[in-house]
Structure formats: C-alpha cells, structure tokens
Amino acid sequence: MTGAVQHYTTKKHPVHRFISDGVSFSLNTDDPLITGRWMKDELAYCETELGLSTMAIEQSKRNAVKAAFIDSAEDRELLLNHVLGRK
1 MTGAVQHYTT KKHPVHRFIS DGVSFSLNTD DPLITGRWMK DELAYCETEL GLSTMAIEQS
61 KRNAVKAAFI DSAEDRELLL NHVLGRK
C-alpha cells in the first residue's frame, strides 16, 4: 500500500476512492523478503494508518479470491476459507 502511491495523506489515498466507487480491489504485498512487510503488516497498515474498516479489508480478500485463476468452485471455497481465516 505504500510503494506505488507516494506523497498522499492517508485520507487521500486512492483506495478510499476505490471503496466509495465500488471498484473491485485487493490488498497485497510485494516481495516481503525484500521489503520486510508481510501481508499481516500490510493489512494492519491499511486498518491503522489508512483507516480502512474491517469490512473493507474483508471485502478486498473476497475480491482477491474472485480474481484468482481457479477453476473449481470447491477450490475457490477452500481459498476463500483460508484467506478469511475460516476452518
């Protein structure tokens, strides 16, 4: 969330516009071995610094699953359960 968009205040970050416009977006990390920022760090940043709601973050996870190249409904459901932390 920090590398591609520079010099924005947290309230003016484009992700807020994505949410208000109903755009399908997902939150991701880019090469955590290099950046040292893992997915849990990105999600925490989005919540605490950007002020994204839990609902918006959960929707971004569902959007990521919908955009994944997965053929079977069963595999998609398994991925969704994993992403959302369901057993």
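If you count the sequence shown from 1, position 68 lands on 68 in the UniProt record's numbering, and the numbers rise without skipping.
Even glycine gets a Cβ: it sits at the ideal position worked out from N, Cα and C.
From residue i to residue j, what distance separates their C-alpha atoms?
i, j, result
"His16", "Leu50", "9 Å"
"Ser60", "Gly36", "22 Å"
"Ser72", "Asn81", "14 Å"
"Leu43", "Arg62", "14 Å"
"Ile70", "Asp21", "26 Å"
"Asp31", "Gly85", "22 Å"
Who are the near neighbours of residue i in its chain, counting only those whose CB is closer than 7 Å to its CB and skipping five residues on each side?
i, result
"Phe18", "Phe25"
"Cys46", "Met1, Leu27, Leu52 and Ile57"
"Val23", "none"
Please look up how many angstroms separate the CB atoms of residue i and residue j, rounded, as I've assumed it's under 8 Å.
i, j, result
"Val65", "Arg76", "6 Å"
"Leu79", "Ala67", "With a Cβ gap of about 11 Å, Leu79 and Ala67 do not count as contacting."
"residue 116", "Met39", "In the structure as shown, the chain begins at 1 and stops at 87. Residue 116 is therefore absent and cannot be evaluated."
Flag residue i as yes when its Cβ comes closer than 7 Å to any non-hydrogen atom of the ligand GDP, and as no otherwise.
i, result
"Asp31", "Here there are no bound small molecules, and the ligand GDP is not part of this structure."
Where does residue i land, buried or exposed, given buried means 16+ other C-beta within 10 angstroms?
i, result
"Glu74", "exposed"
"Leu33", "exposed"
Just to confirm my understanding: we take residue i, look at its own chain, exclude 5 residues before and 5 after, and list those with CB closer than 8 Å. What are they?
i, result
"Thr10", "Glu49, Leu50 and Gly51"
- Task: May I have a chain-ordered list of the alpha helix (DSSP H) segments no shorter than 4 residues that lie completely inside the UniProt domain "Adenosine deaminase" (2 to 79)?
- Result: 14 to 21, 32 to 35, 39 to 48 and 54 to 67
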